[in-house]
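Student:
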Amino acid sequence: MRAKSSLKIWILIFVIGLIMTGCTLQEEKNESSLENKTESVTEKKLESSKEETAQVTEESSELAEETVTEESEKAEETTTMMQTGPTAPESPIVHSVRLMAVGDNLMHLSNTMSAKQPDGSFDFTYHFQHIAPIIQQADLAVVNQECVMGGIELGIQTYPCFNTVYEVGRDLVKAGFNVILAANNHILDQGETGLQNMIRYWKTNYPDIPVLGIHETEEDSKIIPVIEKNGIRIAMLNYTYDTNLKAGIEEKPYLVNYLEEERIESDIKKAKTMADFIIVFPHWGEEYNDTPTPEVQELAKKMANWGADLIIGAHPHVIEPVEWIPRANDKPTLVYYSLGNFQSEQFRTEQMLGGLADVTIIKDENGDTYVLNHTMEYLVTHYQLTIPNLGYYNIVTTYPWEQYSPELATAPHGIISKDPTFSYEKLDQIRKNMMARCQ
1 MRAKSSLKIW
11 ILIFVIGLIM
21 TGCTLQEEKN
31 ESSLENKTES
41 VTEKKLESSK
51 EETAQVTEES
61 SELAEETVTE
71 ESEKAEETTT
81 MMQTGPTAPE
91 SPIVHSVRLM
101 AVGDNLMHLS
111 NTMSAKQPDG
121 SFDFTYHFQH
131 IAPIIQQADL
141 AVVNQECVMG
151 GIELGIQTYP
161 CFNTVYEVGR
171 DLVKAGFNVI
181 LAANNHILDQ
191 GETGLQNMIR
201 YWKTNYPDIP
211 VLGIHETEED
221 SKIIPVIEKN
231 GIRIAMLNYT
241 YDTNLKAGIE
251 EKPYLVNYLE
261 EERIESDIKK
271 AKTMADFIIV
281 FPHWGEEYND
291 TPTPEVQELA
301 KKMANWGADL
311 IIGAHPHVIE
321 PVEWIPRAND
331 KPTLVYYSLG
341 NFQSEQFRTE
351 QMLGGLADVT
361 IIKDENGDTY
371 VLNHTMEYLV
381 THYQLTIPNL
391 GYYNIVTTYP
401 WEQYSPELAT
411 APHGIISKDP
421 TFSYEKLDQI
431 RKNMMARCQ
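Every letter in the sequence shown is one number past the one before it in full-length UniProt numbering, and letter 248, counting from 1, is 248.
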């Protein structure tokens, strides 16, 4: 009986074991199935997520491209930045200076006479009225006074030997200009007398405003002009390729800075010991040519390698491109080859379009000083006759491009009598062509 009972107990234990084993196997099978299902669902979700991400990325990319294109189109209207120049400060900015410069203030007869008042005085406020609000935003504002200011006592003279009245200087200052360039081919049009009259006027009335490129004495000609502004010492050097007249001054070559390489190299190297940043303003190039000559480009490279950080040119009477010149072991040099005319009454459509260089110079906490960013704004000289039989145009002024319009262009602009092809559309096309060439 005991044997049978023991057998029954072992059979019962065996059966229970089989049942338990079966349950365990089923659980493992179920767990395995669940894992497979989970992995399958997860993979599907991941694939779906990847597809959605790819779609979103593609859409975002398209949107970004559209945004960049839109921003580029907007930026193109006012700026001509080159990608190889500095785009961000390398260390925190300590000091900054905003410098603006315009091209040739070329004073033809009408330009001076249009400022004459009924009482015989001269007032050029309207000439610069539209540009003044922009210029007054600058820390340093530079104009090339392409006409000797010899005063009324020498008579108002027009091309080819210019002379204008002193009041143009007063009203340039009122408009916001505080640096005057005087080394140009017309500065000796009235001989040494005209040049010395101009120097005395500025020294007497505006002694704090530097008039660059001309000198009262030989001792003065040896001084490197350095302007300290907002904690940055800026050397400014001005030279001209030649002067139209030299008679009577053969023994006084110091009166005007000429574009002589040995002199320029010496001045730049001396300036490097005195200043944080060096600007050269050369009066150079070929008139009416919107492309810098090979000689100009070669000289620009030399000046850059000697140590010039910024070069702003004049003389061609039309705008030329902007570019960066790379330098070994230094940041590149920014060059505006020509800003064209600031104000003139010349005879071609392209001479009515001028440039305004707008440059931000910074000094960082490491003491490095360089151009952080720059733009080229566009200006339009507008002149017309509103009083019949006057003998000269009695309205002369300069507009920022944004304020000029087809209506003004057909006012009519006085240029139409000299260039019948002039139109707002032609002016705009010249502007856009130059923007495309600037880097």
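Glycine included, every Cβ here is placed at the ideal spot set by N, Cα and C.
Identify every run of the alpha helix (DSSP H) within the stretch 132 to 173, keeping only runs that are complete inside it and at least 4 residues long; order them along the chain.
Tutor: 132 to 135
Student: Are the CB atoms of Q343 and L106 nearer to each other than 8 Å?
Tutor: For the purposes of this step, residue 343 is taken as residue 343 along the sequence shown, with counting starting at 1. For the purposes of this step, residue 106 is taken as residue 106 along the sequence shown, with counting starting at 1. Yes; because the gap between Cβ atoms is below 8 Å, this pair is in contact.
Student: Per DSSP, what kind of secondary structure is G285 in: helix, strand or coil?
Tutor: Position 285 of the sequence shown, counted from the first residue, corresponds to residue 285. Of the three classes helix, strand and coil, the one that applies to G285 here is coil, per DSSP.
Student: Here's the rule I'm using: 16 or more other beta-carbon atoms within 10 Å means buried, otherwise exposed. How should M352 be labelled?
Tutor: Working through the sequence shown from its first residue, we reach residue 352 at position 352. Burial call: buried.
Student: Can you tell me which of I131, V211, T375 puts its alpha carbon nearest to the alpha carbon of K174?
Tutor: Taking the first residue of the sequence shown as 1, we reach residue 174 at position 174. With distances taken between Cα atoms, K174 lies closest to I131.
Student: Go ahead and pull the three-state DSSP assignment for L408.
Tutor: Taking the first residue of the sequence shown as 1, we reach residue 408 at position 408. In this structure, L408 counts as helix in the three-state DSSP scheme.
Student: Should D220 go down as buried or exposed, given a rule of 16 or more other Cβ atoms within 10 Å for buried?
Tutor: Translated into positions along the sequence shown, residue 220 becomes position 220. Around the beta carbon of D220, a 10 Å sphere encloses fewer than 16 other beta carbons of the protein chains shown; the residue is thus reported as exposed.
Student: Examine the Cβ distances between the stretch 245 to 255 and the stretch 205 to 213 and report whether three or more of them are shorter than 8 Å.
Tutor: no
Student: At the level of alpha carbons, what is the spacing between C147 and F162?
Tutor: On the sequence shown, residue 147 is found 147 positions in, with the first residue counted as 1. On the sequence shown, residue 162 is found 162 positions in, with the first residue counted as 1. Taking the straight line from one Cα to the other gives about 6 Å.
Student: How would you label T349, buried or exposed, when you count the other beta carbons within 10 angstroms and need 16 or more for buried?
Tutor: Translated into positions along the sequence shown, residue 349 becomes position 349. With 16 or more Cβ atoms within 10 Å of its Cβ, T349 is classed as buried.
Student: According to DSSP, D330 sits in a beta bridge with which residue or residues?
Tutor: For this step, residue 330 is matched to residue 330 along the sequence shown. Partner(s): R327.
Student: Does the separation of the CB atoms of D276 and V318 fall below 8 Å?
Tutor: Against the sequence shown, residue 276 aligns to sequence position 276. Against the sequence shown, residue 318 aligns to sequence position 318. In this structure, V318 does not lie closer than 8 Å to D276 by Cβ.
Student: Give the single residue among G150, G367, L390 whose Cα lies nearest to the Cα of E90.
Tutor: In the sequence shown, counting from the first residue as 1, residue 90 sits at position 90. The shortest Cα separation from E90 among G150, G367, L390 belongs to G367.
Student: Measuring alpha carbon to alpha carbon, tell me which residue in I224, I387, L427, T193 is nearest M274.
Tutor: Here the question's residue 274 lines up with position 274 in the sequence shown. Of I224, I387, L427, T193, the residue nearest in Cα terms is I224.
Student: Rounded to the nearest angstrom, what separates R385 and I415 at their Cα positions?
Tutor: Along the sequence shown, one-based indexing puts residue 385 at 385. Along the sequence shown, one-based indexing puts residue 415 at 415. According to the sequence as given, residue 385 is Leu; it is not Arg. Roughly 11 Å separates the two Cα atoms.
Student: Compute the beta-carbon to beta-carbon distance between F122 and V143, rounded to the nearest angstrom, for a pair I have assumed lies under 8 Å.
Tutor: Taking the first residue of the sequence shown as 1, we reach residue 122 at position 122. Taking the first residue of the sequence shown as 1, we reach residue 143 at position 143. The Cβ separation is near 17 Å, so there is no contact.
Student: With A436 as the anchor, note down where its alpha helix (DSSP H) starts and where it stops.
Tutor: Here residue 436 corresponds to residue number 436 of the sequence shown, with the count starting at 1. Looking at the DSSP string, the run of the alpha helix (DSSP H) that includes A436 is 424 to 437.
Student: Around the C-beta of P282, are 16 or more other C-beta atoms found within 10 angstroms, so that it is buried, or is it exposed?
Tutor: Counting from 1 along the sequence shown, the entry for residue 282 is found at position 282. Label assigned to P282: buried.
Student: DSSP three-state label for T193, please.
Tutor: Taking the sequence shown and counting its residues from 1, one reaches residue 193 at position 193. T193: helix per DSSP, three-state reduction.
Student: Hey, would you say V396 sits closer than 8 Å to H374, going by beta carbons?
Tutor: The residue you call residue 396 lines up with position 396 of the sequence shown. The residue you call residue 374 lines up with position 374 of the sequence shown. Taking 8 Å as the Cβ cut-off, V396 and H374 do not qualify as a contacting pair.
Student: Near A115, which residues of its chain fall below 6 Å by C-beta distance, leaving aside the five closest residues on each side in sequence?
Tutor: As a first step, residue 115 is located in the sequence shown; it is residue number 115 there, counting from the start. The beta carbon of A115 lies closer than 6 Å to those of F122, D123, F124 in the same chain, with the five residues before and after it left out.
Student: Return the first residue and the last residue of the beta strand (DSSP E) that F342 is part of.
Tutor: On the sequence shown, residue 342 is found 342 positions in, with the first residue counted as 1. Taken as a continuous stretch (DSSP letters only), the beta strand (DSSP E) holding F342 covers 341 to 343.
Student: Provide the residue span of the alpha helix (DSSP H) that contains N373, from first to last.
Tutor: Numbered from 1 along the sequence shown, position 373 holds the residue referred to as residue 373. That residue, N373, is in no alpha helix (DSSP H); its beta strand (DSSP E) goes 369 to 384.
Student: What is the residue span of the alpha helix (DSSP H) that R263 lies within?
Tutor: Here residue 263 corresponds to residue number 263 of the sequence shown, with the count starting at 1. R263 -> alpha helix (DSSP H) spans 261 to 272.
Student: Looking at V97 and L140, is the spacing between their C-beta atoms short of 8 Å?
Tutor: The residue labelled residue 140 in the question sits at position 140 within the sequence shown. The residue labelled residue 97 in the question sits at position 97 within the sequence shown. Yes, these two residues count as a Cβ contact at 8 Å.
Student: Counting along the chain, where does the alpha helix (DSSP H) carrying N111 start and finish?
Tutor: If you number the sequence shown from 1, residue 111 lands on position 111. 109 to 113 is the span of the alpha helix (DSSP H), which, as asked, contains N111.
Student: What did DSSP end up calling Y393 once you bin it into helix, strand or coil?
Tutor: For the purposes of this step, residue 393 is taken as residue 393 along the sequence shown, with counting starting at 1. Residue state, collapsed to three classes: coil.
Student: Compare the C-alpha of V280 against each of R431, L181, Q429 and name the closest.
Tutor: The count along the sequence shown starts at 1 and reaches residue 280 at position 280. Taking only the C-alpha atoms, the option nearest V280 is L181.
Student: Using a Cβ distance threshold of 8 Å, determine whether the stretch 403 to 412 contacts the stretch 309 to 325, with at least three qualifying pairs required.
Tutor: no
Student: Which residue wins for smallest C-alpha separation from G120, given the options A138, D104, I152?
Tutor: What you label residue 120 is simply residue 120 of the sequence shown in a count that begins at 1. Of the listed residues, the one whose Cα sits closest to G120 is I152.
Student: Of the residues I234, E377, G155, R327, which one's Cα is nearest the Cα of T369?
Tutor: In the sequence shown, residue 369 corresponds to position 369, counting from 1. Per the Cα distances, I234.
Student: Provide the residue span of the beta strand (DSSP E) that contains D104, from first to last.
Tutor: If you number the sequence shown from 1, residue 104 lands on position 104. Note, D104: beta strand (DSSP E), 93 to 105.
Student: Taking the continuous beta strand (DSSP E) assigned at N238, which residues delimit it?
Tutor: In the sequence shown, the residue the question calls residue 238 occupies position 238. That run of the beta strand (DSSP E) goes 232 to 240.
Student: Need the endpoints of the alpha helix (DSSP H) that L299 sits in, please.
Tutor: Locating residue 299 in the sequence shown gives position 299, where the first residue counts as 1. Note, L299: alpha helix (DSSP H), 294 to 306.
Student: Could you give the C-beta distance for G307 and I278, rounded to a whole number, given that I count them as a contact under 8 Å?
Tutor: Translated into positions along the sequence shown, residue 307 becomes position 307. Translated into positions along the sequence shown, residue 278 becomes position 278. Right, their Cβ atoms sit about 6 Å apart.
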